[in-house]
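The number in my numbering is simply the position in the sequence shown, starting from 1, with 15 added. Glycine is no exception: its CB is placed at the ideal position from the N, C-alpha and C atoms.
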Amino acid sequence: MMKHKKIEVILGDITRIKADVIVNAANRSLLGGGGVDGAIHRAAGPGLLEECKSLKGCETGDAKITKGYNLDAKYVIHTVGPVWYGGGDDEHNQLASCYQNSLKLAKEKKLKTIAFPGISTGVYGFPRDQAAFIAVTETKRFLEKNSYPEKVSFIAFDEENLEIYQRLLNQE
Ligand code: ADP
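This is how it looks when you write it as structure tokens:
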């Protein structure tokens with residue numbers, strides 16, 4: 016199969032990415048937290064938290080969209096990844112749902128570019144190889160069937176995750 020031109024991996028900080036929408040690895044309260052969630056709220060400013068308060072939380076595997084406020088991104092999709100309990104607790108399906116539901120929201124708003132962090136691969140402890148495999152598989156599947164979004168970027172925050180995504184994307 017041809018290498019997927021619509022998917023790329025970038026080493027960097029997702030709060031600095033210029034995209035129509037960036038995805039936040041949020042928790043069910045949607046009221047901010049540590050890791051990428053904290054970084055996004057800090058960079059977006061207090062308007063983001065105000066809007067998030069009105070959303071009344073989010074279930075694991077689901078996704079909700081807000082504006083991007085002070086970010087370079089126009090929108091933020093907040094999705095709640097599963098906490099890793101060893102893999103027997105539906106974590107794989109829940110993580111796949113995060114990608115599916117986020118891509119669906121981008122499609123509904125006709126957003127062309129979207130950037131994802133490694134959802135659940137920080138404090139939530141999802142094994143990075145398996146998480147990246149799910150991210151790439153669900154994204155390819157979605158892009159084959161839909162014309163929005165046009166481009167998906169995976170933002171690796173460190174070299175290890177960069178290499179994991181590069182290996183997966185070069186396997187096509
Ligand atoms: P979770 O609770 O879903 O595991 P974390 O925020 O702890 O979320 O981590 C998710 C992933 O985001 C991790 O791989 C972490 O290295 C990465 N990350 C943390 N900060 C940033 C950032 N500013 N930009 C991109 N990725 C980030």
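Taking the alpha-carbon positions, what's the MET16 to ASN185 distance? Position 1 of the sequence shown, counting from 1, holds the residue named residue 16. Position 170 of the sequence shown, counting from 1, holds the residue named residue 185. Because MET16 sits at a pLDDT of 48, beneath the cut-off of 50, its placement in the model cannot be relied upon, and the following sentence gives the value as read from the coordinates. C-alpha separation (whole angstroms): 10 angstroms.
Flag GLY96 as yes when its Cβ comes closer than 7 angstroms to any non-hydrogen atom of the ligand ADP, and as no otherwise. Here the question's residue 96 lines up with position 81 in the sequence shown. Remark: the shortest separation between the CB of GLY96 and any heavy atom of the ligand ADP falls under 7 angstroms.
Candidates ILE134, LEU118, GLY137, LEU45, of which the one nearest LYS160 by Cα: In the sequence shown, counting from the first residue as 1, residue 160 sits at position 145. Ranking the options by Cα distance to LYS160, first place goes to LEU118.
Completely contained beta strand (DSSP E) runs for the region 134–163, where each covers 3 or more residues: Runs found: none.
Residue burial classification, SER112 (beta-carbon count within 10 angstroms, cutoff 16): Position 97 of the sequence shown, counted from the first residue, corresponds to residue 112. SER112 comes out buried.
Excluding sequence positions up to five away, which residues of its chain have a Cβ less than 6 angstroms from the Cβ of PRO132? Here residue 132 is taken as the residue at index 117 of the sequence shown, counted from 1. Excluding the 5 residues flanking it on each side, PRO132 has same chain C-beta neighbours closer than 6 angstroms at ILE29, ALA40, VAL51, ILE170, in chain order.
Report buried or exposed for ASN42, applying the criterion of at least 16 other Cβ atoms within 10 angstroms of its Cβ. Translated into the one-based positions of the sequence shown, residue 42 becomes position 27. With 16 or more Cβ atoms within 10 Å of its Cβ, ASN42 is classed as buried.
Hey, how far is the Cα of PRO164 from the Cα of ASP77? For this step, residue 164 is matched to residue 149 along the sequence shown. For this step, residue 77 is matched to residue 62 along the sequence shown. Straight-line spacing of the CA atoms in PRO164 and ASP77 works out to 18 angstroms.
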